[in-house]
Every structure is written in structure tokens, then in C-alpha cells.
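A short worksheet on the structure shown next.
Protein chains: 2
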Amino acid sequence: MRDQSAAGTLSRAGDLFQLLRDGKARTRAELASTTGLARSTVASRIDALISSGFVGAAGEAASSGGRPPSRFAFNPSARIAMAVDVGAMHVVVALTDLNGTVLSEERGDLEVAAGPDVVLDWVIDSGSRQIRQIGRPASSLTGIGIGLPGPVEHSTGRPVNPPIMPGWDGFDVPARVQSTFDVPVLVDNDVNIMALGEQATFWPGDDNLLFVKVATGIGAGIISSSRLQRGAVGTAGDLGHVRVPRGEGVVCRCGNIGCLEALASGPAIAKSLSEIGLPTAGREDLLEHVRHGRIQAIQALRQAGRDVGDVLATCVNLLNPSVIVIGGSLSHLGEHLMAGVREVVYHRSLPLATSSLRIAPSMAGDQAGVLGASRMVIEHVLSPANIEAAVAPNGEN
Amino acid sequence: MRDQSAAGTLSRAGDLFQLLRDGKARTRAELASTTGLARSTVASRIDALISSGFVGAAGEAASSGGRPPSRFAFNPSARIAMAVDVGAMHVVVALTDLNGTVLSEERGDLEVAAGPDVVLDWVIDSGSRQIRQIGRPASSLTGIGIGLPGPVEHSTGRPVNPPIMPGWDGFDVPARVQSTFDVPVLVDNDVNIMALGEQATFWPGDDNLLFVKVATGIGAGIISSSRLQRGAVGTAGDLGHVRVPRGEGVVCRCGNIGCLEALASGPAIAKSLSEIGLPTAGREDLLEHVRHGRIQAIQALRQAGRDVGDVLATCVNLLNPSVIVIGGSLSHLGEHLMAGVREVVYHRSLPLATSSLRIAPSMAGDQAGVLGASRMVIEHVLSPANIEAAVAPNGEN
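So the protein lines, in turn, are chains A and B.
Per our numbering, the first sequence starts with residue 5, numbered consecutively.
Per our numbering, the second sequence starts with residue 5, numbered consecutively.
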């Protein structure tokens, strides 16, 4: 095992580890039988995984006589991950174990518009503080996942022309964070992160999931064949500027006519309600209107749902997901938006594609971002190649 | 190497083989250095791959003195694959090598409506005949890929409610073909197959490609992250029944209003031209009209392109492909359809998503089906797990 540089396809301790990630305890003999590897080989790899901490002893197995064989299992407490969810008006920093279970969390009322220095300094301070508070050494941090409220070039972690993030365009987010924490830092846009969090936590059996955020903007995170799909230049899922039938004559801030966002986003609904004599400054006003049963507000949410549904009907025909999850601030205002989405999707999509389709509200809610950021970084650090590198003896790598 | 049942993640000769599939010749030392495997291990695996024929000696490498080390490379002639393209009115059976190069081909004017017995008997006869003609033993056949003009459950190879294929619903296509050829038989719908063929042959560097067929029906094959995406129940890419803005009041054969197919398919264009006094019975008439520069026909194709483009604009925002390939019989009638597609996609899609987007006519043309069927089965038989099984010593597997 000299050169590990291209060992991804052939890594061995890393591959053995993937078998154990389901949490089931196994003996060396079971691992040898499942993998076809010699018992001596399995033994040495398990030893390496145990010294790294990623695998631990997990009680004794039943034996047909003599000393019972030891069983081994994935140890999710071996390391901690930092998960960061940056929204337009808030930042959440959490620490999780390697199963994505949140160990600690802090929320700050920062605006992303304050710029990357202010926001990332707070992230670094909060992360350092929480690591001390839970009593773990800094060396136990294995990676950091960050979600940002705008387009991000995932391969470099730099925002690309983010509309609501002055000062962030092209900023090297990983480098800034790595000046304090020398670990992998992965960055993606908030909707992709939320899709990952929702799928990993609540829909692990669904390999084809569409997460749609309906809030100030409208966008989607696409999981196809169990993988987050970012597209050729990372813009996949940008549904806000798809034209909808009702959009005739409505000008969008992007300059086009009839975009979904110009009709069904929070600001669009607030504007249309204010124009018909129901003053609506933001989400709280809208919630008040709905609580008081004001029919125009309920109709506006229902119609926004229909507009979103019109675009999603096309997405269903194109992608054939088994689940559509609707999240974002507008999804929490009762059933009216969801009802409009369901009405149009079940009317307009192919019968075969909707026969087993579920359309559900986000269950992760405010936690979706943090859960997804944690998931993104855990999948990276626990990949076969990275585990292989992590357990390789010092100096051999 | 006892139990190979779950060896996929840990297979070794199979993984080594993947490195060689690029066609580049390598020495044992180069393979050992790239993979981190011991030279003795590499040597025994290369021996197994050589006895199976999948790898062959490929000339001598330069040496710093002494006997030059041998170099090894993938041998695409090791086996042959059978590729079958069943259309509404034709069947093509081809033999290819393991690079997908066509060695032999036969076309039959059969109608798919003749039913699976007639069609598959002809496929079996033609395949057997061609194997004899090229002088290869029957044992060199490694697998069969089949494309059908309707929905197929890929996991079982059975058509699912195919509208133009009486007698095929639920028919066990693989079992019927395997009664003569005892090899893996993979079946998929024609549009998915064409997407594979086009991508593998002409766009190998593009991991996000959308292939759109515009003919009697309209559908798409989606390749995202280098993988064909079939969706949760296999209906992904079914664009024919997406609603388009111009569709107001137009009833589709599916019962819905304003579907793309009701406006932009071959029959829809023929009907609209006939209604305005330009009798059009089929594709040949349409071609005649275009050749004679009849303005209504040119306008109709251009408008059909705009309608297709309207749906594709949404697909571009959703999937962010780097290439859209337009195929099918209507794509070969000059530039009018393509011009309409480009006009609307570049107008309606996100600037970032279209900045590097190419919209190109199918280059594989009539060959797309056969090239894709070959590619589908080659990817299967040359996967790490299947190569591992193929090179395992007799009786151990």
C-alpha cells in the first residue's frame, strides 16, 4: 500500500468500512465471508479502523463453543462534524456526530448582507465555543459543511453572483474557515443542502426526491438515483424563473415575463394582497391573515400553490420522483399552499408518474439546513477513499 | 476469494480492469503504482484477465535496460454484444465489439404491432445468422441490449402498458431471448437507449445531457452525473404530455388539454397543415413541403420547435444540462425545428444555465438506438462485479 493517490477504486479498509456503516455489528468471520477477503486481511483492516476510532467493539457474538468471537460496529462518536446554515437573516452553527445527530447548536441573528468576514468570524467563534462546551478536543472535528442562500460553485466553495449577498461574490469561503479549522470545508446553496437533510433524515428509502423551497425565492434541490444533482455548471433546480400560464403580463425582477417567482413567492403574494386592500408587509402579516380566515389571503396561497404545482407537474413528468417535499417559510402557513400544489400536480402529471408519488411538507423544517450540511460533510469524510487515507499509517500517505 | 455474492465493493480484478478500459496500455509496475497493490497481486490479476481475453498484451514498454516490461491493454474484441433497436415499423439487429463498434447489422421491415413472438423470433434468427457470418463462436456473445418503442420496466425487461405495442404488455422479453442465447438481456425504452448511444459516441465528456426525440411521440432521455436517470418507476423523461402555453383548447389523446404532443408531434403538425389546405399524410409529405419551400410547413415546424423549446426551457432550468440533443424523425427536416427550439430556450432559460449550453441535432441519427443498446449491455457486462465473476476460476463462483 504505497501510493494512495488513486486508491479510490481499490481502497480496502475504506470499502470494508462502508459495509459497517449500516450500524450492524459483525464478527471478523462474517466480514470475511461477506467480502471474500481472507480472515487475516479482515483482521488487519479492522485493527486499523479500530485505532482510528471509526470502528469499535460491539459486544460478543453467540458462539458454538469456546471463546465467543468479538463483534465490531461503526462508531458514530469517533469524530464530530460542524454544520452551518446561513440564511438571509440568520446563521445556525451546529455540531453533530457521524450519524448526523445534533450534539449542540447556536443561532445568531446575523444578516448575510453583513458580508463574509462578519458572518464567517461568527461561525468560527461559535464553532470553537461549542467544541469546548461539549468537551471534545479540536482534533475530533473532521469536516465542515456550509449552506449559503445563493448560487455556489460547489467544487471551489465560492458564491457565484449571489443576488442577496453583497461582498460574497467569488469569496473563498473554505480558505477563510480553514485558517482556523484545518479540515475539509464543503459549501453548497441552501436548497441543495435542505434536500440532502430532508432525504437523509426522513426519506432514506427514496432515491428520487425533489425538495422545493417556497419563500422569498423559489428553488429546488434534486436527488436522482440517490445523488444530489447539481447539473453542468451548478444551476440545477432553479425553478423560480420558469414561466407559468397565469404569468401573462407580469414582469419579473429578472426582466422576463411571467416567472414563477413573480407570482408565487412571498413578496409577490404580499404585493398582490396589498393591492387588493389587505396590507401585507411580510410573512407575519400573511400568517395573521390566514389565522383570521381572511379569504383573499387563503385564496392567494392556494393560487400560489397552483402556480408552483404547474411547474412541478412538468418536473414530475421529467424526473419521476417518488417524493416532493415542500419547504420554505410559505410552506408553514397551513395547508392552503400544499393543497394548490397537489391539485395541479395530480391533475397535470402522468398517471403512472403520480401513482405512487407523495407530496409532503418539510419535516425537518428549520433544521433541514443544518441536517443537510452535516450530511454533506459526513458523506465526504466517510467515503472509501477518505477513510482509507485517514486510517493509513503515518507517513505512508 | 470464497463468496463472491457481495463482492461488488471489494472486487479486485474487476476494479483493476476499469483502469484499463480507457484503452491505454500499461505495465504491471504502472498498475501497481497507480493502485497501491503489490506487484505480485497485480500480476495474478492481470493473468486472470488475460486468460479471460478481456486484457491482452499491447507491445513493449521503454526500458531503462534489460528485458523491456510487457504492457497490457483492454481488448475490445474479447467478446461481442448484440444490440437490438425495435421501432414502430422496423427492427435493427447489430453485433458490436466491446467498444461499441458495429461489426455487422441487419434491418427488417417488421411492425412492432406484429407482437413479441414474431419480432423476437426475427431478432433471434438475425442475431444467430450474423454471429455465424462474422465467424465468431456463439460463446463469444456476452450480452444483449434491446430498445423498445414504449415504456419498459427496466429491472424486469417487461413493457408496461405500451400504447403502440399490442401483445407486448408485461411480456417477459429477456426470458424469450434467453431461451436461445443464455446471456444477460437488458431492455429499455427507445429514447433512453438513444440518449445513451448519443452520449457515449458523440458527447463522452458531457455528464449532463438531455436527448429529446420529436417524432410520432415526444420524449426525453436524461443523463445526469454520467448516469441515465429513469426515476422512481421508470417514467422519467416523458415530456409529451407537459402543457404548453399555445395549447389552450387543444385536446390531446391522453384526455388532457394543451399537451406538447397534441401540438408539436408529427401527426399534430400533419393535421394542422391538412386543415389549412396543405394535405400532409406523414413525414414524407412534410419533407416535400419543406423542400418546395411551402411557407406554412416551414412555419409549422418552426412553431413546433418553439413549443418543444418552451418545455425544454423548464428542463434547462431544472437540470442544467451542458448539451441538448434533438433527434427523432422531425429533427431531420432541416433547421426549422431546431431554430424554434433554440429561439425559445435561449430566450426563456436562465443566463447562467445557457451560457455554455449547446443545442445540437442528433449525430447518431438512425444508429442512435443500436449504439445505445450496445452501450447499455457493455456497461453491464464490463462492470467490476461482472468482470470479477467472469474471470473467477471455475467452481469458485
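Just so it is clear, CB atoms sit at the ideal spot from N, CA and C, and this is done for glycine as well.
Note that the structure is a prediction, hence the values are computed from the model and not measured.
Is any beta-carbon of chain A found at less than 8 Å from that of S360 (chain B)? yes
Between A10 (chain A) and chain B, is the shortest Cβ-Cβ distance under 8 Å, so that the two count as touching? Because the pLDDT of A10 (chain A) is 32, which lies under 50, any placement of that residue in the model is unreliable, and the number read from its coordinates should be weighed accordingly. Proximity of A10 (chain A) to chain B, defined by a Cβ-Cβ separation below 8 Å, is satisfied.
Suppose contacts are defined by Cβ-Cβ distances below 8 Å. Is V181 (chain A) in contact with V189 (chain A) by that definition? Note that the C-beta distance between V181 (chain A) and V189 (chain A) is below 8 Å.
Here's a check: name, in chain order, each residue in its chain whose Cβ is nearer than 7 Å to the Cβ of V254 (chain B), leaving out the five neighbours to either side. Correct list, in chain order: I261, G262, A266, L267.
What in chain B is Cβ-close to Q233 (chain A), meaning under 9 Å? N212, S228, S229, Q233, L323, N324
If we define contact as Cβ-Cβ less than 8 Å, is D3 (chain A) a contact residue for chain B? Chain A is shown from 5 up to 401; residue 3 (chain A) falls before or after that span and cannot be answered.
Report the rounded CA-to-CA distance for G270 (chain A) versus R306 (chain A), giving the unit in angstroms. If you take the alpha carbons of G270 (chain A) and R306 (chain A), they lie about 13 Å apart.
Test item: CB-CB of P4 (chain A) and T38 (chain A) under 8 Å: Limits of chain A in this structure are 5 at one end and 401 at the other, which puts residue 4 (chain A) out of reach.
For A204 (chain B), which residues in the same chain have their Cβ closer than 6 Å to its Cβ, ignoring the five residues on either side in sequence? R379
Minimum C-alpha distance to G332 (chain B) - residue among B:A343, B:L323, B:H296, B:A219: The shortest Cα separation from G332 (chain B) among B:A343, B:L323, B:H296, B:A219 belongs to B:A219.
Under a Cβ-count criterion, where at least 16 other Cβ atoms within 10 Å of its own Cβ denotes burial, should M86 (chain B) be classed as buried or exposed? buried
State the CB to CB distance for the pair S276 (chain B) and A304 (chain B), rounded to an integer number of angstroms; the pair is presumed to be in contact (CB under 8 Å). 6 Å
Counting only the same chain and skipping the five closest in sequence on each side, list residues whose C-beta sits under 8 Å from that of S360 (chain A). For S360 (chain A), where only same-chain residues beyond five positions count, the Cβ hits under 8 Å are S326.
List, in chain order, every chain A residue whose beta-carbon is nearer than 7 Å to that of C256 (chain B). From the beta-carbon of C256 (chain B), no residue of chain A is found nearer than 7 Å; the closest lies around 12 Å away.
Between the beta-carbon of Q233 (chain A) and the beta-carbon of A224 (chain A), is there less than 8 Å? no
Proximity winner among B:R346, B:V374, B:L356, relative to A364 (chain B) (alpha-carbon distances): B:R346
Using a Cβ-Cβ cut-off of less than 7 Å, list which residues of the region 181-206 of chain B approach chain A; keep chain order. none
By the three-class DSSP mapping on this structure, what secondary structure does L107 (chain B) have? strand
Of the listed residues B:D242, B:P208, B:L291, nearest to R231 (chain B) (C-alpha basis): B:P208
Considering only residues of the same chain and omitting the five flanking positions on each side of N212 (chain A), which have a CB-CB separation below 6 Å? S228, P325, S326
Are the C-beta atoms of D7 (chain A) and some chain B residue less than 8 Å apart? Note that D7 (chain A) scores 32 on pLDDT, short of 50, meaning its location in the model is unreliable and no value can be drawn from it.
If you draw a straight line from the C-alpha of G104 (chain B) to the C-alpha of V116 (chain B), how long is it? 25 Å
Would L99 (chain A) and L107 (chain A) qualify as a contact pair, given that the criterion is a beta-carbon distance under 8 Å? yes
Report the residues of the region 22-55 of chain A with a CB closer than 9 Å to any CB of chain B, ordered along the chain. Q22, L23, A36, S37, T38, T39, G40, L41, A42: these are the residues of the region 22-55 of chain A whose beta carbon lies less than 9 Å from some beta carbon of chain B, given in chain order.
Can you look up E115 (chain A) in the DSSP assignment and give me helix, strand or coil? Coil, per DSSP.
Have a look at A:G154, A:E109, A:V216, A:L124 and flag the residue whose alpha-carbon is nearest the alpha-carbon of Q137 (chain A). A:E109
Taking only three categories from DSSP, how would you classify L190 (chain B)? strand
Cutting at 7 Å between CB atoms, please list the residues of its own chain near A62 (chain B), excluding the five before and the five after it. A29, R75, F76, A77
Beta-carbon proximity check, V246 (chain B) vs T318 (chain A), cutoff 8 Å: yes
Answer yes or no: does any C-beta atom of chain B fall closer than 8 Å to that of R162 (chain A)? no
Which of helix, strand or coil DSSP assigns to D26 (chain B): Residue state, collapsed to three classes: coil.
Leaving aside the five residues before and after A258 (chain A) along the sequence, list all residues of the same chain whose C-beta is less than 7 Å from its C-beta, in chain order. The identity of residue 258 (chain A) in the sequence shown is Cys, whereas the question assumes Ala. Counting only Cβ-Cβ distances below 7 Å, and skipping sequence neighbours, we find H245.
DSSP beta-bridge partners of V329 (chain B): B:F215, B:A364
Unbroken alpha helix (DSSP H) run spanning T284 (chain B), endpoints: Where T284 (chain B) is concerned, there is no enclosing alpha helix (DSSP H), given that its DSSP letter is neither H nor E.
Any beta-carbon of chain B closer than 8 Å to the one on E157 (chain A)? no
Residues in its own chain within less than 7 Å of G286 (chain A) by CB, not counting five upstream and five downstream? A274, listed in sequence order.
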